[in-house]
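Structure first, then comments.
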Amino acid sequence: MKEMILQWLILGILAIFAILSAFIGSKYSKLLSKYCELLKYLKSLCNCISSARWGNLQTRAQKGPSVLTTEISKSLNSLLESILDRDKMIQEYVEKEKEINDIKEDFIAMLTHDLKVPIIAQDNTLDLLLEGKFGQLNAQQKDAVKNIKISNSDLRHLVESLLDSHKFEKKGFIPKIQENVMLKDFVEDIISQLRSTAALHNKIIRIYDHLEPNYKISTDIFLLKRVIENLVLNAITYGANSDYIDITLENNDTHYIIRVKDYGHGISKENIDKIFNKYYSAAEMYSKASMGLGLYLSNKIINTLNGSIRVSSEENKGAEFSIIMS
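The sequence shown begins at 1 in my numbering and counts up by one.
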């Protein structure tokens, strides 16, 4: 009898244990399932955030396995929608600004182009006055006309710089290379055209030729001429302490160099790194007119021609610009 009771007691304990095990197993299985769902949700959430970080604002967070995770997904998706809307607004604003800037640039280009005609006409008239074609001028009248001609030349230079800047911003510079250009003759032709302008400022341009005999180059003569003219005109404008501007030509086995040196105000150490920046100009310090485009464009042109411009200067001792071309 006692043995039967003991057996029934053991069987009862085992049954209770089996029931408890089944209950615990069921709860554990549900807990494990929820854990896996949560893990999967967190992984998708991380993917969504990572996509947004790299610029993909179209990916959306999935609905979560619980009320809390669902609210998290809704909040994140709302944030992404807000960012996307703001991005569209910014893009539209940028496009409108670009359109407005293009209209402004085109207007400036047309205006400056139209201004060239009367400036050239004025320049020709001033030359006729100085030559005495309308009667002889006395010394004071000649000085007055010369000063007007200087201002007119500065204005023409500004207009040309504006036009060149517009062309560069729109299309860039596309070189048209010409072969077998005699470098010495090329530079001398440019300087001969600038001697009258130099004379108005009481300047003499000297050329020092250290080239090999009959040294020839291949280049875009229009673009390179534009740079040389700009450097020489700057030297004429800022070379106040001397009557001379020196042009030096030299070459070696790998490249040739055109140096333009003045003996004027020079460039301070704090400004020398800024002189090729667009719209930067120290002209106001010397009561000169400048848009700050000449050196900016010169540097862009020489870079387009696979060369470089270097500058060395000391205040009140002048500046030397070197065009280095391979």
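Don't be surprised by glycine CBs; every beta carbon is placed ideally from N, CA and C.
Count the other CB atoms, across all protein chains shown, that sit within 10 Å of the CB of Gln157; report buried if there are 16 or more and exposed otherwise. The amino acid occupying residue 157 in the given sequence is His; Gln does not appear at that position. Classification for His157: buried.
Expected contact under 8 Å - CB spacing of Ala61 and Asn77 to nearest Å: About 6 Å; that satisfies the 8 Å criterion.
Thr304, enclosing beta strand (DSSP E) - first and last residue: Membership of Thr304 in any beta strand (DSSP E) is not indicated; the residue belongs instead to the alpha helix (DSSP H) covering 294-304.
In chain order, what residues of the same chain lie with their CB nearer than 6 Å to the CB of Lys146, ignoring the 5 residues before and after it? Cβ within range, chain order: Leu200.
The beta strand (DSSP E) with Gln58 in it runs from where to where? Taken as a continuous stretch (DSSP letters only), Gln58 belongs to no beta strand (DSSP E), as it is neither H nor E.
Report back the beta-carbon spacing between Asp262 and Arg206 to the nearest angstrom; my notes put them in contact at under 8 Å. Their Cβ separation, rounded to whole angstroms, is 11 Å, which puts Asp262 and Arg206 out of contact at 8 Å.
What residues in its chain sit with their C-beta under 6 Å from that of Leu293, if we drop five residues either side in the sequence? Counting only Cβ-Cβ distances below 6 Å, and skipping sequence neighbours, we find Ser161, Ser165.
On the DSSP bridge assignment, give the partners of Phe321 in chain order. Bridge partners of Phe321: Val260, Val311.
Could you say if the stretch 206-226 and the stretch 263-276 meet the contact criterion of at least three C-beta pairs nearer than 8 Å? At 8 Å Cβ cutoff, the stretches do not touch.
Cutting at 7 Å between CB atoms, please list the residues of its own chain near Arg195, excluding the five before and the five after it. Closer than 7 Å at the Cβ level, and outside the excluded window around Arg195, lie Ile205.
Provide the residue(s) that pair with Asn251 in DSSP beta bridges, ordered along the chain. Bridge partners of Asn251: Tyr256.
Residues bridged to Val181 by DSSP? Answer is Ile217, bridged to Val181.
Leaving out the 5 sequence neighbours to the left and right, which residues in its chain are closer than 7 Å to Ile83 when beta-carbon positions are compared? Excluding sequence neighbours, Ile83 sits near Leu57.
Beta strand (DSSP E) segment containing Ile207, residue limits: Note, Ile207: beta strand (DSSP E), 204-210.
Residue range of the unbroken alpha helix (DSSP H) whose run includes Ile272: Ile272 -> alpha helix (DSSP H) spans 269-272.
Using DSSP's beta-bridge definition, name the partner residues of Tyr244. Beta-bridge pairing links Tyr244 to Ile204.
How many angstroms separate the CA atom of Ile275 from the CA atom of Asn234? Computed Cα separation, rounded: 12 Å.
Here's the rule I'm using: 16 or more other beta-carbon atoms within 10 Å means buried, otherwise exposed. How should Thr237 be labelled? Buried, because 16 or more other Cβ atoms sit within 10 Å of the Cβ of Thr237.
Could you tell me whether any non-hydrogen atom of the ligand FAD is closer than 7 Å to the CB of Leu295? Within the structure as shown, the ligand FAD is missing, as the structure has no ligands at all.
Determine the closest residue to Val159 out of Ser44, Asn230, Asp273, Glu320, with distance taken between C-alpha atoms. That would be Asn230, whose Cα lies nearest to the Cα of Val159.
Quick one: is Gly264 buried, meaning 16 or more other Cβ sit within 10 Å of its Cβ, or exposed? Buried, since its Cβ has 16 or more Cβ neighbours within 10 Å.
Leaving out five residues before and five after Gln178 in sequence, what residues of the same chain have Cβ atoms less than 8 Å from its Cβ? In the same chain as Gln178, and ignoring 5 residues on each side of it, the C-beta atoms closer than 8 Å to its own belong to Ser218, Thr219, Asp220, Ile221, in chain order.
Please state the DSSP three-state secondary structure of Pro175. Pro175 falls in the coil class under three-state DSSP.
Can you tell me whether Gln136 is helix, strand or coil according to DSSP? Gln136 falls in the coil class under three-state DSSP.
Excluding the 5 residues flanking Asn277 on each side, which residues of the same chain have their C-beta closer than 7 Å to its C-beta? Same-chain partners within the cutoff: Tyr296.
Give me the Cα-Cα distance between Lys167 and Thr304, rounded to the nearest whole angstrom. Computed Cα separation, rounded: 14 Å.
Quick one: measure Cβ to Cβ for Lys216 and Asn241, integer angstroms, because I've assumed they're closer than 8 Å. About 36 Å separates the two Cβ atoms, so there is no contact after all.
Cβ of His210 within 8 Å of Cβ of Leu249? In this structure, Leu249 lies closer than 8 Å to His210 by Cβ.
Contact check, Lys88 vs Ser73, beta carbons under 8 Å: No, the Cβ-Cβ distance between Lys88 and Ser73 is not below 8 Å.
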